[in-house]
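The opening residue of the sequence shown carries number 1 in the numbering used here; numbering runs sequentially from there.
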Amino acid sequence: MLITTSFRANEQTIETAKALAKDLHGDYVERRKQSVKQLAMKRGDVLVVGKERFEWYQPNGEKFFFHPSSAMFRVKRLLRGEKDPLIEAAQLKPGDSFLDCTLGLGADAMTASCATGRNGRVVGIEKNPITALLVREGLNTWETGIEEADEAMKRISVISGDSIEQLKKYPDCSFDIVYFDPMFEETIQESTSIAPLRHAAEHDFDHEAAVQEALRVARKRVVLKDHWKSTRFIADSYQFHVIKRKTAQFHYGYIEKEKSPL
Numbered sequence: 001m002l003i004t005t006s007f008r009a010n011e012q013t014i015e016t017a018k019a020l021a022k023d024l025h026g027d028y029v030e031r032r033k034q035s036v037k038q039l040a041m042k043r044g045d046v047l048v049v050g051k052e053r054f055e056w057y058q059p060n061g062e063k064f065f066f067h068p069s070s071a072m073f074r075v076k077r078l079l080r081g082e083k084d085p086l087i088e089a090a091q092l093k094p095g096d097s098f099l100d101c102t103l104g105l106g107a108d109a110m111t112a113s114c115a116t117g118r119n120g121r122v123v124g125i126e127k128n129p130i131t132a133l134l135v136r137e138g139l140n141t142w143e144t145g146i147e148e149a150d151e152a153m154k155r156i157s158v159i160s161g162d163s164i165e166q167l168k169k170y171p172d173c174s175f176d177i178v179y180f181d182p183m184f185e186e187t188i189q190e191s192t193s194i195a196p197l198r199h200a201a202e203h204d205f206d207h208e209a210a211v212q213e214a215l216r217v218a219r220k221r222v223v224l225k226d227h228w229k230s231t232r233f234i235a236d237s238y239q240f241h242v243i244k245r246k247t248a249q250f251h252y253g254y255i256e257k258e259k260s261p262l
């Protein structure tokens, strides 16, 4: 991967790009007057470090950068006192802890952070280090104009790594809720913000092993979001209770470990 800066970058931005090149084991190149297309011809992936945001240009021509996207609609609904299907499936309450094992763009983690509040804890695991970098940076710097949303974003901790290996590091009952939103077995029409992540996503995910670790780490529930036709809701060693939604292409399922107090 090549790491460069936006045009007319200041010294701080240049130093940030050089530091990221070391962290990501990539090569820093001066931008000069080169276009991203010219740089991509040399290596493929190009990470452009700008003053306002980072942009990841992929070999297939897709461009990815952090944006709260659909999470903002969900957060606004929560702030109005309306319901969210993930929050309902997870039975999330203020002060709860939530581990998102498939962070992606962070929309679910942002919604969970809003629901769990200032006394809650939200951690997101993302296997792809570039995605993790962009989302971590975006969560810490993006300004939505809504104080509660900005605070919720900044409360999220992002971990770059394999979700199963990370789960193994946690003691029993470390989080109230452990959550998975893996790549669907069935293809559905994706939003433009999610589409660039498909080639970078984890496609060889050992779901059954992950659920077994999640059941150890969770105090209350393990929650799965998947296509309504998915075979992952049922396995030899577990079965999710599926919340069927008539008009949705995906459902939520959960395995409950203990009854939450009313």
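For every residue, glycine included, the Cβ atom is placed at its ideal position computed from N, Cα and C.
These numbers come from a predicted model, not from an experiment.
Assumed close pair residue i, residue j - CB separation to whole angstroms, cut-off 8 Å
i, j, result
"ALA71", "THR111", "6 Å"
"TYR179", "VAL223", "5 Å"
"HIS251", "LYS244", "6 Å"
"PHE66", "LEU167", "The Cβ separation is near 25 Å, so there is no contact."
"GLY295", "PRO85", "The structure shown does not extend to residue 295, since the chain is modelled only from 1 to 262, so the question has no answer here."
"VAL46", "LEU79", "About 37 Å; that fails the 8 Å criterion."
"PHE98", "ILE177", "5 Å"
"SER157", "LEU105", "With 8 Å as the limit, SER157 and LEU105 do not qualify as a contact, their Cβ atoms being about 16 Å apart."
N-terminal and C-terminal residue of the alpha helix (DSSP H) that residue i is part of
i, result
"SER69", "Where SER69 is concerned, there is no enclosing alpha helix (DSSP H), given that its DSSP letter is neither H nor E."
"LEU39", "36-43"
"ILE234", "Neither: ILE234 is in no alpha helix (DSSP H) and is coded neither H nor E."
"THR13", "11-23"
The beta strand (DSSP E) enclosing residue i, as first and last residue numbers
i, result
"ASP226", "218-227"
"GLY253", "250-256"
"PHE54", "54-57"
"VAL49", "46-49"
"VAL242", "241-243"
"THR5", "2-5"
Burial state of residue i (16 or more Cβ within 10 Å)
i, result
"GLY61", "exposed"
"GLY124", "buried"
"GLN248", "First, the amino acid is wrong: residue 248 is Ala here, not Gln. ALA248 should be labelled exposed."
"LEU39", "buried"
"ILE188", "Because ILE188 carries a pLDDT of 47, less than 50, the predicted location of this residue cannot be relied on, and no value is offered for it."
"GLY253", "buried"
"PHE263", "Within the shown structure, residues of the chain are numbered from 1 to 262, placing residue 263 beyond reach of any answer."
"LYS154", "exposed"
"HIS25", "exposed"
"GLU143", "exposed"
"PRO182", "buried"
"GLU272", "Lying before the first or after the last residue shown, residue 272 is absent from the chain, which here runs from 1 to 262."
"GLU208", "exposed"
Residues near residue i by beta carbon distance below 8 Å, same chain, minus five either side
i, result
"ILE234", "PHE240"
"LYS63", "GLU55, TRP56, TYR57, PRO196"
"ALA19", "none"
"ALA210", "CYS101, SER163, ILE164, LEU167, PHE180"
"LYS83", "ARG77"
"LEU103", "ALA109, GLY124, ILE125, GLU126, THR131, ALA132, VAL135, VAL158"
Close-in-space but distant-in-sequence residues of the same chain around residue i (CB under 6 Å, 5 per side omitted)
i, result
"THR16", "VAL49"
"ARG121", "SER97"
"ARG219", "CYS173, ASP176"
Cut-off 7 Å between Cβ atoms - residues of its own chain near residue i, not counting five sequence neighbours on either side
i, result
"THR192", "Annotation note: pLDDT 49 at THR192 (below 50); position unreliable, coordinate value reported separately. Contacts found: none."
"ASN140", "LYS154"
"ILE14", "THR5"
Taking only runs of the alpha helix (DSSP H) that begin and end inside the segment 137-190, which ones reach a length of at least 4 residues, in chain order?
-> 147-154, 163-169
Length at least 3, wholly inside the segment 68-140: the beta strand (DSSP E) runs in chain order | Taking only runs of at least 3 residues, the beta strand (DSSP E) segments lying wholly in the segment 68-140 are 97-100, 121-126.
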